[in-house]
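**Student:**
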Amino acid sequence: GLSPLPPIPQVQAIADITGPKRMDFDVPWALTAPIKATRIRAEALVNRPETQMLIFQGYGKQQCKKWETSPDGIVQMALQCAFFRLYGKLPPTYESCATRQFFHGRTEVIRSAHSEAKRLAEVLWDGAIHRQDKEKALRQALARQTQLSKEAAAGMGIDRHLLALKKLSMGVTPHSPPLASLLANPDDLPGMFKEDAYNYSQTWLLSTSNVTTSWNVIFNFGPVCDDGYGVGYLIHDDQIHLNITCFKDSPETNSPVLAVALEESFMKLYEVLGS
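Just so you know, my numbering puts 308 at position 237 of the sequence shown, and the rest follows in order with no gaps.
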């Protein structure tokens, strides 16, 4: 069977602590140039992301519950509709899901870009379609989102399974030394992992995470691909806080523009579901 986690060792207090002391480093002359170059690269990485905060005050968790809808599902569908409006397609979407019901469980992916979400995005902005038909499409998309969320939390997602198969095909096992996968030859991968469709499905143009807590007002992280967005959000009782990031040097992305489209999506969903 599985063994419990080892106990945390007890550390005795260190007596006679005198506080911090200055440490002087004797840096060899030969390292001066590499250190400066590394600093320039680090500063470029720090300056590369663009971030846009959206505090949507139209509604929040309480209103979603009145509609008998999932608050997280509403945010995810608003994101899909906003992206679709800007780009005419749904993006490969990563929503982090905890698998905490398992011993040592970590995460799985909720793939929010599904057929029902695409149908919703197609009809939401169409003035010729009746509100009732839009609501039906929205509730079907939300139902699918809830199903995928439950499956991911129960270990029934696909991404961790595929990752394990990919690692095993590279000869990497749980007992392999660190960084073993970096030494593997990618040419030895099975054909499936070289397919364009598979690689595109792993290119997270929209990487998202919900870390709602009552004491937090902002949460963010960077995009995980060059032309993608990172969206961290918190769903409070009467408002939703979102932080949208992208890279400034990408010709495809623009955080302020996505923020505007997202706010419009939230309001459009409100029109569909009513007060």
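No residue lacks a Cβ here, since even glycine has one placed at the ideal position from N, Cα and C.
1) Roughly how many angstroms separate the alpha carbons of residue 112 and residue 279, rounded to a whole number?
2) Let me check understanding here. Comparing Cα to Cα, which of 236, 119, 109 lies closest to residue 297?
3) What residue from 259, 312, 201 has the CA that sits closest to residue 127's CA?
4) If you compare alpha carbons, which of 123, 328, 336, 89 is closest to residue 303?
5) Any contact of the segment 144 to 156 with the segment 235 to 252, i.e. 3+ C-beta pairs under 8 angstroms?
6) Go through the segment 152 to 203 residue by residue and report every complete run of the beta strand (DSSP E) that reaches 3 residues or more, in order.
7) Looking only at its own chain, which residues have a Cβ that is under 7 angstroms from the Cβ of residue 182, when we skip the five neighbours before and after it?
8) Write down the C-beta distance between residue 289 and residue 125 rounded to the nearest angstrom, noting that I regard them as a contact closer than 8 angstroms.
9) Excluding the five sequence neighbours on either side, which residues of its own chain have a C-beta within less than 8 angstroms of the C-beta of residue 150, listed in chain order?
10) Count the other CB atoms within 10 Å of the CB of residue 142; is the residue buried (16 or more) or exposed (fewer)?
11) Tell me where the beta strand (DSSP E) around residue 317 begins and ends.
12) Just curious, the beta strand (DSSP E) that residue 306 is in, first and last residue?
13) Figure out for me which residue from 286, 234, 242, 166 has the closest Cα to the Cα of residue 185.
14) Please state whether DSSP places residue 327 in a helix, a strand or coil.
15) Thinking just about the alpha-carbon of each residue, which of 179, 196, 212, 187 is nearest to the one in residue 235?
16) Can you give the Cα-Cα distance for residue 96 and residue 223, rounded to whole angstroms?
17) Considering Cα atoms alone, identify which of 284, 328, 91, 323 is closest to residue 132.
**Tutor:** To lay it out plainly:
1) 27 angstroms
2) Comparing C-alpha distances from residue 297 to each of 236, 119, 109 shows the shortest one belongs to 119.
3) 312
4) 123
5) no
6) 164 to 169, 178 to 181
7) 164, 219
8) That pair is no contact at about 11 angstroms.
9) 164, 183, 277, 279, 302, 333, 336
10) buried
11) 311 to 318
12) 300 to 306
13) 166
14) helix
15) 179
16) 49 angstroms
17) Distance check between residue 132 and each of 284, 328, 91, 323 places 284 closest, using alpha-carbon atoms only.
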